[in-house]
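Remarks on the structure that follows.
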Ligand SMILES: Cc1ncc(COP(=O)(O)O)c(C=O)c1O
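Residue numbers (our numbering): 1 to 442.
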């Protein structure tokens, strides 16, 4: 009996390693496409959750990685130094705003970056509390999970807690946590906590996603970012920007916080920076990232192969101004989705910035009741029709698009056509409950 890749995987790889929305086994990637075991080409509108910033097998990444793995200047920068890690740190500092003496910390994923930076911040400030937003994702390791307020993560894992952690509402304009001016109300609530149970003298920093992705690709109204930066400055709290999912070009800006001209105190990078290889980085003040009690080492930190990929990614995004392509393709896709909403009442809201796009599916536009089951079916059907995308959101009802920043106009159109058909097929009852039963997502 010949088993498929998926069947073999099920026998050997732990379920705690997976979130699955459809059955594809992938054997290759080329640009914005994944190639399945049966030879089918699938347009990857998810870009492996945004990691495939340049698509798959981009020549710049292939060249850099091949060169670095062929020379292998050790496997780390923990106990020896290597030219790729040093050069990437120099280039990242040059590409990232900030003043004073700054340093770069390297890791492998967004989770370890946020874990490490939290440890350094506590060590350097002597304060132990962090504020983060309800719905925010900052990682899946113990420290970063405790910093995260995304319901699907919190509810599906053994709870990870952090003494003194405070979660505050994010100003979601479509499902507002407060009546009235949602930006003002959110900031006032935050300030109220600082004035009462979480005094600034105890609060080290606030973790922010400029577009809150996993909770539903929520774009806060204008003024929020600037208002939050002012609040942090007034109260002497560090503003920590988690750029893991939306950083390095995705929003149409190299850094998402440029949207309102804010400069955070500390920035974490992940996903996109490795162009598909495991790589993360933190950029922040030397007095924080050099603090000796912040020591966070994993043996292959500063790996020269990952660092070489990071350099190729950064060079390509800035050199080819892929943030401009992200802005243009984002406009094209969001305009297209808004046109589709005239024919598909299931589309309640289309939102995003550049190539981080969310489509909020509802059962009823009046009540905005989330169309959770239908959303899983749309994702499943889209995969059958040849496009990979995932869903996110507190109610698992938001189609998320995070395609490679290299996406072409024709590929964006192809994606729109597939989403159109998938919505039509689901509305017409052509996808059964049984079909999606084994692909519960999260
Ligand atoms: C904003 C954000 N930060 C951090 C992380 C954690 O990154 P990783 O899964 O690479 O550890 C994620 C993952 O989805 C994320 O979306």
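Glycine residues also receive a C-beta, built at the ideal position from the N, C-alpha and C atoms.
Quick check: the Cα distance between residue i and residue j, rounded to an integer number of angstroms?
i	j	result
residue 128	residue 71	42 Å
residue 264	residue 283	10 Å
residue 213	residue 173	14 Å
residue 104	residue 416	39 Å
residue 133	residue 218	12 Å
residue 152	residue 316	34 Å
residue 403	residue 162	34 Å
residue 328	residue 190	35 Å
residue 10	residue 326	36 Å
residue 430	residue 59	40 Å
residue 196	residue 184	18 Å
residue 412	residue 373	25 Å
residue 108	residue 342	43 Å
residue 167	residue 259	24 Å
residue 42	residue 386	5 Å
residue 198	residue 8	50 Å
residue 113	residue 130	15 Å
residue 314	residue 267	16 Å
residue 252	residue 324	6 Å
residue 408	residue 333	11 Å
residue 206	residue 330	28 Å
residue 91	residue 139	25 Å
residue 182	residue 223	11 Å
residue 125	residue 438	47 Å
Sort the options by Cα distance to residue i and report the nearest one.
i	options	result
residue 110	137, 121, 89	137
residue 94	371, 118, 278, 255	255
residue 398	362, 415, 202	362
residue 229	211, 187, 246	187
residue 304	106, 240, 118	106
residue 278	234, 222, 307, 177	307
residue 286	353, 241, 101	101
residue 40	53, 48, 24	24
residue 35	87, 383, 249	383
residue 180	221, 199, 193	221
residue 355	248, 405, 84	405
residue 97	248, 209, 330	248
residue 370	352, 353, 394, 357	394
residue 448	125, 54, 206, 252	Nothing about residue 448 can be read from this structure; the chain reaches only from 1 to 442.
residue 296	143, 116, 2	116
residue 26	4, 434, 192	4
residue 32	67, 427, 414	414
residue 240	194, 250, 288	288
residue 156	235, 175, 15	15
residue 443	245, 442, 396	With the chain represented from 1 up to 442, any question about residue 443 goes unanswered, as that position is not in the structure.
Counting only beta-carbon atoms, is residue i nearer than 8 Å to chain E?
i	result
residue 358	In summary, chain E is missing from the structure at hand, where a single protein chain is found.
Might you give, ordered along the chain, the residues of its own chain that have their beta carbon closer than 7 Å to the beta carbon of residue i, omitting 5 neighbours on each side?
i	result
residue 80	74
residue 359	337, 347, 350, 398, 399
residue 261	none
residue 30	56, 57
residue 76	299, 300, 301, 302, 303
residue 425	381, 431
residue 45	387, 388, 389, 401, 403, 415
Cutting at 6 Å between CB atoms, please list the residues of its own chain near residue i, excluding the five before and the five after it.
i	result
residue 51	271, 276
residue 135	149, 150, 170, 212, 215
residue 436	376, 377, 380
residue 294	119, 120, 123
residue 312	60, 61, 64
Excluding the 5 residues preceding and the 5 following residue i in the sequence, name in chain order all residues of the same chain whose CB lies nearer than 8 Å to its CB.
i	result
residue 440	20, 376
residue 423	340, 344, 346, 347, 378
*When the Cβ atoms of the region 18-36 are set against those of the region 384-394, are three or more pairs found closer than 8 Å?*
In this structure the region 18-36 touches the region 384-394; the number of beta carbon pairs closer than 8 Å is three or more.
*With contact counted as at least three CB pairs below 8 Å, one residue from each stretch, are the region 301-320 and the region 364-383 in contact?*
Because the criterion of three Cβ pairs below 8 Å is not met, the region 301-320 and the region 364-383 do not touch.
_Touch test, the region 223-238 against the region 56-63, Cβ-Cβ under 8 Å, three pairs minimum_ = no
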